[in-house]
Every structure is written in C-alpha cells, then in structure tokens.
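Asker:
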Amino acid sequence: MIKVEGLHKNYGKLEVLKGISTNIKAGEVVAIIGPSGSGKSTFLRCMNVLENATSGRIWVGNHELTDKKTNIMKVRQNVGMVFQHFHLFPHKTVLQNLTYAPMKVKGMSKDQAEKIAHELLEQVGLTEKSDEYPTRLSGGQKQRVAIARALAMQPEVMLFDEPTSALDPEMVKEVLEVMKSLAHTGMTMAIVTHEMGFAREVADRVLFLDGGVLVEDAPPEEFFTNPKSQRAQDFLQKML
Ligand code: ADP
Ligand code: MG
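If you count by my numbering, then the sequence shown holds residues 44 to 283, one letter each, in order.
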C-alpha cells in the first residue's frame, strides 16, 4: 500500500530524514517510535505530502507521490491524517466536521455524507454528540471525532501523529480502543506513538527512527524483547 525508497528530507542544511526505505502492506498496522526530534512527524507528513521529499520516492497505492505529474489532492483524499492537537473546525458541529470534506472535496450529497457520518460516530461511540461543537467535548471525544472525520473521506490509509500525546491520561484508553478496533477492520495504519503497550499489542511491525535513520524495522515481539541496536536498547530503557 505504501512504498518508501531512499527518502531524504532536508530543512535548509538540516538533514532530517537520511534515506528511509520501507514498505507497508495493505491492512498492516505499523507503529513508528523513536526519540523526540528523530524525524517521525516529518516521515509521516511526507507520506501525506504535507512535506515534500527532498529526494527519494514514495508510492501510496498505485500513485507515486514524488512524481510531479501525480494529482496530490487526489492521493491525499485517500490518506487520512490524525494529529496530536485534533485540528477540528471549531465553528462547525461534530456532524458538520464530518460532512464538510466529503461534500466539498468529493462532491458527496448531504444525505449520503450525513449517513456515513452517523455510522462513523457510532463506530467511535459518539452518536449523541453529533450536534455538539468541539469546544464542548473532552480531549478524548475530540480525538475520536478527528478519527471519524478522517474516516469520512473513506481513505485506504490512516496516519496518526501522536494521537494520544495531548490527552489527559484517563482519556488515552478510549482513543486507543477506537484505533484498535479500526485496526481490526483491516485498515492500513501508520501510527507515531509513545504508547509502547499499544504498539506491542496492536502493531504488526515497529519502525524505530533515530536521528533521521530507520534503525530497526521488526515485529513488536522481536523489537521489544530483543532490540538489535544500542540506540533502541537505550530508548526502550528510558520508556519502559
Ligand atoms: P519527531 O516527530 O520525531 O519529534 P520531527 O519530524 O518533528 O521529529 O522533527 C525532526 C527534526 O526536524 C527536528 O530537528 C525538527 O526541529 C526539525 N524540523 C521539523 N519541522 C521543521 C520545519 N518545518 N522547519 C525546520 N526544521 C524542522
Ligand atoms: Mg513529532
């Protein structure tokens, strides 16, 4: 579903990604972990063309993002993104947050968009909040709305950038539960997270980034019990 080949990303002289290559298969759930500043967000943002690669190639489905001829808007519709700080539209209700892009970007009818939105709100356990404004929701509820909103575009891939890092501890679980059930539907997911228990339980693979280098790419059992690199060992020592 996603193929990354020799991805480099520089900001001016700062080399943030130093040649990353990996594949993510359809239906696979990949946890991306590593120290702060290691390039995790940049890596994710390149997969959604929120950042342009400096060099290297990225494919999502059959489309090469790094090909100038590719219609990026089209590809981006196919890749849902969930951010640490929700990024909901504050002046729209929950339902309007979910129906806006499908109607505006995909030209979906209001009826159809609302039907899908209600199904998704049920999926994330927020049926009763459809007419509420985001400011009246808890952090956990906001993030579940953000997930439902991304899903409303019916993407093939979902990217999550530390979706629970801004939440109070008691709200982390409800969001992780939604993500876990989404994983069980067969969604292809790449998740930047510091939730090691979640990564271990839900991910099919762990990518460990350090200093812009993909240091390890392994199944969670292997990564957590027997990390090969010193850098991963040091990181896990601090995290667990
Ligand atoms: P992580 O998500 O792993 O914490 P990031 O991908 O956010 O790491 O950042 C990696 C490095 O790139 C950091 O040194 C950060 O300061 C730098 N960086 C990120 N975004 C920008 C930007 N827009 N301009 C300049 N430097 C950036
Ligand atoms: Mg980050």
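Each residue gets a CB set at the ideal place from its N, CA and C atoms; glycine is no exception.
#1: Alpha carbon to alpha carbon, what distance is there between LEU257 and LEU50?
#2: Cβ atoms of VAL235 and ILE75: under 9 Å apart, would you say?
#3: If you draw a straight line from the C-alpha of LYS185 to the C-alpha of SER208, how long is it?
#4: Only counting runs of 3 or more residues, tell me where the beta strand (DSSP E) segments fall wholly within the region 149-219, in order along the chain.
#5: Give a yes or no on whether the C-beta atoms belonging to ASN95 and GLU199 are separated by under 9 Å.
#6: I'd like the span of the beta strand (DSSP E) that includes LEU252, first residue to last.
#7: For GLU171, collect the residues of the same chain with a Cβ closer than 8 Å to its Cβ; drop the 5 residues on either side in sequence, then sort them by chain order.
#8: Using C-beta distances below 8 Å, list every residue in its chain close to GLY62, excluding the 5 sequence neighbours before and after it, in chain order.
#9: Straight-line CA distance for HIS128 to SER173?
#10: By the three-class DSSP mapping on this structure, what secondary structure does VAL118 have?
#11: Considering only heavy atoms of the ligand MG, does any lie closer than 8 Å to the CB of VAL73?
#12: Express the C-alpha separation of ALA275 and GLU265 in angstroms, rounding to a whole number.
#13: For TYR176 versus LYS216, is the C-beta distance shorter than 9 Å?
#14: Which residues mark the beginning and the end of the alpha helix (DSSP H) in which ASP260 is found?
#15: Where do the ends of the beta strand (DSSP E) carrying LEU60 lie?
#16: Taking 8 Å as the cut-off, does the CB of THR85 come closer than this to any heavy atom belonging to the ligand ADP?
#17: Just curious, the alpha helix (DSSP H) that GLY229 is in, first and last residue?
#18: Does DSSP put GLY104 in a helix, in a strand, or in coil?
#19: Exposed or buried, what is SER64 when buried is set at 16 or more other beta-carbons lying within 10 Å of its beta-carbon?
#20: Take LEU180 and list the residues in its own chain whose beta-carbon comes closer than 8 Å to its own, dropping the five residues that flank it on each side.
#21: Please report the distance separating the alpha-carbon of MET36 from that of ASN140.
#22: Check whether the Cβ atoms of ILE67 and VAL59 sit closer than 9 Å, and answer yes or no.
#23: Relative to the C-alpha of LEU225, which residue among VAL103, GLY150 and LEU164 is closest?
#24: Quick one: is the Cβ of VAL245 within less than 8 Å of any heavy atom of the ligand MG?
Answerer: According to the data block:
#1: 10 Å
#2: yes
#3: 13 Å
#4: 200-204
#5: no
#6: 248-253
#7: none
#8: GLY49, LEU50, HIS51, GLY99 and VAL256
#9: 20 Å
#10: helix
#11: no
#12: 12 Å
#13: no
#14: Element bounds for ASP260: not the alpha helix (DSSP H) but the beta strand (DSSP E), 256-261.
#15: 57-67
#16: yes
#17: Per DSSP, GLY229 belongs to no alpha helix (DSSP H) and is neither H nor E.
#18: coil
#19: exposed
#20: VAL137, LYS172 and VAL188
#21: The question about residue 36 has no answer here: the residues shown for the chain are numbered 44 through 283.
#22: no
#23: LEU164
#24: no
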